[in-house]
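A.B. asks: Can you keep this structure in mind? I'll have questions shortly.
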Amino acid sequence: MLIEKENNREQMNIVIAGHVDHGKSTIIGRLLADTNSLPEGKLKQVKKTCEINSKPFEYAFLLDALKDEQSQGITIDSARVFFKTKARDYIIIDAPGHIEFLKNMVTGASRAESALLVIDANEGVQENSRRHGYMIAMLGIKQIAVLVNKMDLIDYDSTKYQKIVDEYTKFLKNIDITPTTFIPVNGKNGDNVASLSKKMDWYSGKTVLDILDDFQKEKSLIDKPFRMPIQGVYKFTNYGDDRRIISGLIETGQIAIGDEIAFYPSGKRSTINSIEEFNTPKQKSAKAGKSIGFTLNEQIFITRGEVATKSSERKPKITSRILVNFFWMDKEPFVKNKEYHLKIGAVKVAVKLEKIKKIIDASNLDLNIKKEQIERHDVAQCILKLNRAIAFDLTDEIATMSRFVIIDNYEIRGGGIIRDALEDKQAWVRNYVMLRNFKWEKSMIQPGRRAEKYNQKSALILLTGKRDSDKKIVAKELETKLFEDGKIVYFLGIGNVLYGVDADIKTKKRNTNKNRQEHIRRLAEVAHILLDSGVILIVTAIDLTQDDLEIIKAIVSQEKIKTIWIGDNVTTDIVLDDQIYKDEKPKNAAEKIKKSLQEMGIIFKPW
Amino acid sequence: MDYIEQLENKSIYILREAYANFKNLGMLWSIGKDSTVLLWLARKAFFGHVPFPLVHIDTSFKIPEMIRYRDRLAMKWKLTMICGQNEEALEKKQTLPDGNVDHLTCCRLLKTVALENTVNGKFKRYRLNLKTGKYEVDRSTEPFTGVIVGVRSDEEGTRSKERYFSARSKQNDWDISNQPPEFWNQFKTDFAPGTHVRIHPLLDWTELNIWEYIKRENIPTVSLYYDQGDGTRYRSLGCAPCTSPIKSTAKNVDEIIEELRSGKLKNIAERDGRAQDKEDGGGLETLRKDGYM
């Protein structure tokens, strides 16, 4: 019987944040002691350490389990400790208050469902009181209680307390946060922590413990539209298992067998055949919070990074330009014209800073600083440009689907939430692609099987350059070489498309920008069909620009494209994979390209 | 969804992220309850299969029953089982049972050094041949770039500082005070050449959670965890000379869960029976910084 009851106990993660030395660790020590939640060994161990160092015992020491910390006297990381009340079990995440350790504070706070923000009554609102308030809100925590600590230092004075309450409320209001409540406390003596203090009879509110027990668990995400970022598509043929299982964690919503699933950004669709789990009875449906897998009725080609949605529900946003609220934690500032990587869900994509809209600096409270770069500990609103379109939701709609981090030099350096999806230049192309994918008649042969049969992966080799360069000569040499090697290869000059596929686009207007974009789009669609059939396609076109390439990338997946400039002077802004100089003989150039195809794994290197 | 289910789903998510991001991935299996739960979670994540090798560091002093149990499950579940050990230290008898070194040095040589060199491929690796049931020298010496480990944050102070994905430098160092941030569902999956990442899917689990899950899933465990009639059982498993059983009459999973909930063990640390934790003030921390699990 006892077991049944214990199993149903609720658990909540709370973070305790605030400026350095404002008394977070003391509050935690107090919560542990007053709820009888301390393992005895711990108390003994800490008391002994104090004895050895001839220091008086403090509740704060309970947390400083690490030698490093004790010598520095500050919490360096988000330690996790546990305590129980009648209502539920708590895991406390102690977030370091020192500015140097903001990344640890963020790590801890991101795992919490509610927060206690500690402010020293004597020192009042400090830099990190503000910064932590902002960060906690941005990380998505909505239940925040502010503890005005060390009330003994201001003689439990209600007027002084009210002043701090007013000042902090005003700051939080500026950044759209309303704290759940304020509580005057004295951690050292436990005033208003577990029991109401006689020293502050003017305070009519609740104790810290009661406020914590009043906090609600986050409401279920089942009512939102179905979202599942694809972590992987597994087929364990080696283990004799032929199921092709699309796997991930359901972020929001629910699905059932028979539902039509739309994958984004590709727009591909199919219906659910089965829901897969291990060591559980067969399920007919699954909902938010579950790590599951499912199989489809039609074998569409899906990879990690797509987001599974239900086609009967609201579509996610799809674009490569986003307006974000963003925080930066690296010593090196976040600057323009540098390529970083953005990770959201199971997607990783190259990103650049396009524009800073505003920067909020907690140290001087100025909301409108003009800066050209985002420095460490800054919080900014800015526009980011991604290398390709991704699927996501806005933070006001589905918060978890709007959260991203930024990687530089192997590490997470910053993070943020997406506030708005901005239009990019390729939006019109993508709309066609999604419709085409939706209407696409699916083959029974998967790309993998084709690649195995043909002994090659499909690829698009774009040869571009000035009008009189040797593009076509190199292309034909390459085609012949690969053909003679037994590869399935095809050469397509853009001219081959212009007068047939593009016959309806008026010749005279061909050079207008809109017409050029449509030419490129159709060329890329033709390429897409040929690549889908398993071919290595060589295309030549004059003076391709980066904008042209962006259109092609919206249609043909980026890792299948290789761009090569033929000639000495690159006259457009296109980002190249390779360049062939004028003095290179076409035969040698073809040989060089073949070698790089081997390196890319498009074709095999002979033994 | 109850709490254990939440823990399970998050751990599976972490395992799948590890599998997607690390080409040379391995999972440490100490045969203990935690890493066995981890192994079970891998089977959950990959629908009954474990698509990466299990790595066991054999100090040669493990309780024999642990080794029998390891090979029995490996054969049954078709695991890619890799074993490594510090053969040089064993040959030179640089061990505590041989009386030549102290606790911490013995742990360092037989576990830390053995692990480091099995992970980087410098020591011989032995792979279980699932057809013959015998171990053979493994041809692969490629370093593991991702190593999944079953540590829990409640075990001991140092472990509460761990990240889910934690970088280790070329020297195998763990720089506790300067770890990268880790928030939301994003982890450190990028790493510089020569370094590796340790992945900790069980960080949020407690000892009680582990037993509750073993019960729910009916996961096979070593009988050493249960009282066989003499009023003692092992709570934490290690090398025979340095691990002692605790006084307990818990004979099955239910009784262990009840024992943990009742608070009978409240005043005894889980690793109380493990000698290496006691050698100096921060014995385990010193070991962990050097790469101990």
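Chains U and D are the protein sequences, given in the same order.
Each residue of the first sequence is one higher than the last, beginning at 2 in this note's numbering.
Each residue of the second sequence is one higher than the last, beginning at -4 in this note's numbering.
Quick reminder that beta carbons are idealized off the backbone N, C-alpha and C, glycines included.
Are the C-beta of Met22 (chain D) and some C-beta of chain U separated by less than 9 Å?
C.D. replies: Against the second sequence, residue 22 (chain D) aligns to sequence position 27. No, Met22 (chain D) lies away from the interface with chain U (no Cβ there is under 9 Å from its Cβ).
A.B. asks: Rounded to the nearest angstrom, how far is the Cβ of Glu265 (chain D) from that of Glu150 (chain D), given a contact under 8 Å?
C.D. replies: The sequence position of residue 265 (chain D) within the second sequence is 270, counting from 1. The sequence position of residue 150 (chain D) within the second sequence is 155, counting from 1. With 8 Å as the limit, Glu265 (chain D) and Glu150 (chain D) qualify as a contact, their Cβ atoms being about 6 Å apart.
A.B. asks: Are the C-beta of Lys5 (chain D) and some C-beta of chain U separated by less than 9 Å?
C.D. replies: Residue numbering aside, residue 5 (chain D) sits at position 10 when the second sequence is read from its first letter. Chain U contact via Cβ: present.
A.B. asks: Output the distance between the C-alpha atoms of Tyr500 (chain U) and Ile565 (chain U), rounded to the nearest integer angstrom.
C.D. replies: In the first sequence, residue 500 (chain U) corresponds to position 499, counting from 1. In the first sequence, residue 565 (chain U) corresponds to position 564, counting from 1. Roughly 25 Å separates the two Cα atoms.
A.B. asks: Quick check on Met152 (chain U): buried or exposed, where buried means 16 or more other Cβ atoms within 10 Å of its Cβ?
C.D. replies: Here residue 152 (chain U) refers to the residue found at position 151 of the first sequence. With 16 or more other Cβ atoms within 10 Å, it is buried.
A.B. asks: Tell me which residues of the stretch 222 to 245 of chain U have at least one Cβ-Cβ distance to chain D shorter than 9 Å, keeping chain order.
C.D. replies: Under the 9 Å Cβ criterion, the stretch 222 to 245 of chain U contributes Pro230, Gln232, Gly233, Tyr235, Phe237, Asn239, Tyr240, Asp242 and Arg244.
A.B. asks: Against chain U, with Cβ distances strictly below 9 Å, would Lys183 (chain D) count as a contact?
C.D. replies: Stepping through the second sequence from its first residue, residue 183 (chain D) is reached at position 188. It does: the Cβ of Lys183 (chain D) has a partner Cβ on chain U nearer than 9 Å.
A.B. asks: Report yes or no: do the stretch 529 to 536 of chain U and the stretch 405 to 421 of chain U share at least 3 C-beta pairs separated by less than 8 Å?
C.D. replies: No: the two stretches stay apart, fewer than three of their Cβ pairs being nearer than 8 Å.
A.B. asks: How many Å lie between Asp(-3) (chain D) and Thr36 (chain U) at the Cα?
C.D. replies: Taking the second sequence and counting its residues from 1, one reaches residue -3 (chain D) at position 2. Taking the first sequence and counting its residues from 1, one reaches residue 36 (chain U) at position 35. C-alpha separation (whole angstroms): 24 Å.
A.B. asks: Return helix, strand or coil for Gln599 (chain U), following the three-state DSSP convention.
C.D. replies: Within the first sequence, the letter at position 598 stands for residue 599 (chain U). Helix.
A.B. asks: Anything in chain U within Cβ reach of Tyr(-2) (chain D), meaning under 7 Å, just list it in chain order.
C.D. replies: Locating residue -2 (chain D) in the second sequence gives position 3, counting from the first residue. Going along chain U in sequence order, the residues near Tyr(-2) (chain D) (Cβ under 7 Å) are Gln12.
A.B. asks: I'd like the ranges of any beta strand (DSSP E) spanning at least 3 consecutive residues and lying wholly in the stretch 215 to 280 of chain U.
C.D. replies: Within the stretch 215 to 280 of chain U, the complete beta strand (DSSP E) runs of at least 3 residues are 228 to 235, 246 to 250, 255 to 257, 261 to 265 and 269 to 277.
A.B. asks: Considering only residues of the same chain and omitting the five flanking positions on each side of Val166 (chain U), which have a CB-CB separation below 6 Å?
C.D. replies: For this step, residue 166 (chain U) is matched to residue 165 along the first sequence. So the qualifying residues of the chain are Phe183.
A.B. asks: What residue range does the alpha helix (DSSP H) around Ser418 (chain U) cover?
C.D. replies: In the first sequence, the residue the question calls residue 418 (chain U) occupies position 417. First, the amino acid is wrong: residue 418 (chain U) is Ile here, not Ser. Looking at the DSSP string, Ile418 (chain U) is not in any alpha helix (DSSP H); the run it does join, the beta strand (DSSP E), is Glu412 to Leu423.
A.B. asks: Exposed or buried, Val114 (chain D), counting other C-beta atoms within 10 Å across all chains shown (16 or more means buried)?
C.D. replies: Indexing the second sequence from 1 puts residue 114 (chain D) at position 119. Looking at its Cβ environment, which holds 16 or more other Cβ atoms inside 10 Å, Val114 (chain D) is buried.
A.B. asks: Would you say Arg38 (chain D) reaches chain U, if we count a Cβ-Cβ gap shorter than 9 Å as a contact?
C.D. replies: Within the second sequence, residue 38 (chain D) is the residue found at index 43, counting from 1. Interface residue, yes.
A.B. asks: For Glu212 (chain D), which residues in chain U fall below 9 Å Cβ to Cβ?
C.D. replies: On the second sequence, residue 212 (chain D) is found 217 positions in, with the first residue counted as 1. Within 9 Å Cβ-Cβ: Asn280.
A.B. asks: Alpha carbon to alpha carbon, what distance is there between Val325 (chain U) and Leu222 (chain U)?
C.D. replies: Counted from its first residue, the first sequence places residue 222 (chain U) at position 221. Counted from its first residue, the first sequence places residue 325 (chain U) at position 324. Their Cα atoms are separated by approximately 23 Å.
A.B. asks: Quick one: list the residues of chain D neighbouring Val406 (chain U), beta-carbon separation under 8 Å, in chain order.
C.D. replies: The residue you call residue 406 (chain U) lines up with position 405 of the first sequence. In chain order: Phe178, Trp179 and Gln181.
A.B. asks: Got a sec: is the Cβ-Cβ distance from Met152 (chain U) to anything in chain D below 9 Å?
C.D. replies: By 1-based counting over the first sequence, the position of residue 152 (chain U) is 151. Output row for Met152 (chain U): interface = no.
A.B. asks: Can the beta-carbon of Ile552 (chain U) be found less than 9 Å from the beta-carbon of His529 (chain U)?
C.D. replies: Locating residue 552 (chain U) in the first sequence gives position 551, where the first residue counts as 1. Locating residue 529 (chain U) in the first sequence gives position 528, where the first residue counts as 1. No, these two residues do not count as a Cβ contact at 9 Å.
A.B. asks: How far does the beta strand (DSSP E) with Asp584 (chain U) in it reach, from first residue to last?
C.D. replies: As a first step, residue 584 (chain U) must be located in the first sequence, where it is residue number 583. It is not in any beta strand (DSSP E) - Asp584 (chain U) carries neither H nor E in the DSSP assignment.
A.B. asks: Mind checking if Met601 (chain U) is an interface residue toward chain D, Cβ cutoff 9 Å exclusive?
C.D. replies: Within the first sequence, the letter at position 600 stands for residue 601 (chain U). No, Met601 (chain U) lies away from the interface with chain D (no Cβ there is under 9 Å from its Cβ).
A.B. asks: Please return the same chain residues whose Cβ sits closer than 6 Å to the Cβ of Leu117 (chain U), not counting the five positions on each side in sequence.
C.D. replies: As a first step, residue 117 (chain U) must be located in the first sequence, where it is residue number 116. Taken in chain order, the residues that qualify are Ile17, Ala146 and Leu148.
A.B. asks: Nearest by alpha-carbon distance to Val490 (chain U): which of U:Gln457, U:Asp503 and U:Lys554 is it?
C.D. replies: Within the first sequence, numbered from 1, the residue matching residue 490 (chain U) stands at position 489. When only C-alpha atoms are compared, the closest one is U:Gln457.
A.B. asks: How about Glu333 (chain U): is its C-beta nearer than 9 Å to some C-beta of chain D?
C.D. replies: Taking the first sequence and counting its residues from 1, one reaches residue 333 (chain U) at position 332. Chain D contact via Cβ: absent.
A.B. asks: To which residues does DSSP link Met22 (chain D) through a beta bridge?
C.D. replies: Translated into the one-based positions of the second sequence, residue 22 (chain D) becomes position 27. Paired residues: D:Leu49 and D:Ile143.
A.B. asks: Kindly indicate the opening and closing residues of the beta strand (DSSP E) around Val350 (chain U).
C.D. replies: Along the first sequence, one-based indexing puts residue 350 (chain U) at 349. Per DSSP, Val350 (chain U) belongs to the beta strand (DSSP E) from Val348 to Ile361.
A.B. asks: Looking at the C-beta of Pro175 (chain D), does it have a partner C-beta in chain U at a distance below 9 Å?
C.D. replies: On the second sequence, residue 175 (chain D) is found 180 positions in, with the first residue counted as 1. At least one chain U Cβ lies under 9 Å of Pro175 (chain D).
A.B. asks: What residue from U:Asp202, U:Glu277, U:Ile323 and U:Ser55 has the CA that sits closest to Arg38 (chain D)'s CA?
C.D. replies: In the second sequence, residue 38 (chain D) corresponds to position 43, counting from 1. Nearest C-alpha to Arg38 (chain D): U:Glu277.
A.B. asks: How would you call Asn190 (chain U), buried or exposed, if buried means at least 16 neighbouring beta carbons within 10 angstroms?
C.D. replies: Counting from one through the first sequence, the residue named residue 190 (chain U) turns up at place 189. The residue in question, Asn190 (chain U), is exposed, as its Cβ has fewer than 16 Cβ neighbours within 10 Å.
A.B. asks: Residues of chain U with CB closer than 9 Å to the CB of Pro46 (chain D), please, in chain order.
C.D. replies: Looking up residue 46 (chain D) in the second sequence gives position 51. What Pro46 (chain D) touches in chain U: Tyr235, Phe237, Asn239 and Tyr240.
A.B. asks: In angstroms with no decimal places, state the Cα-to-Cα distance between Tyr64 (chain D) and Val217 (chain D).
C.D. replies: On the second sequence, position 69 is the one that residue 64 (chain D) refers to. On the second sequence, position 222 is the one that residue 217 (chain D) refers to. Tyr64 (chain D) and Val217 (chain D): Cα-Cα distance of roughly 7 Å.
A.B. asks: Should the stretch 26 to 42 of chain D be called in touch with the stretch 174 to 191 of chain D, which here means at least 3 C-beta pairs below 8 Å?
C.D. replies: Cβ pair count under 8 Å is below three, so no.
A.B. asks: Output the distance between the C-alpha atoms of Gly259 (chain U) and Val434 (chain U), rounded to the nearest integer angstrom.
C.D. replies: Your numbering for residue 259 (chain U) matches position 258 in the first sequence. Your numbering for residue 434 (chain U) matches position 433 in the first sequence. Gly259 (chain U) and Val434 (chain U): Cα-Cα distance of roughly 25 Å.
A.B. asks: Contact defined as beta carbons within less than 8 Å: I believe Ile120 (chain U) pairs with Ile15 (chain U). What is the distance between those atoms, to the nearest angstrom?
C.D. replies: Start at 1 with the first residue of the first sequence, and residue 120 (chain U) comes out as number 119. Start at 1 with the first residue of the first sequence, and residue 15 (chain U) comes out as number 14. Their Cβ separation, rounded to whole angstroms, is 17 Å, which puts Ile120 (chain U) and Ile15 (chain U) out of contact at 8 Å.
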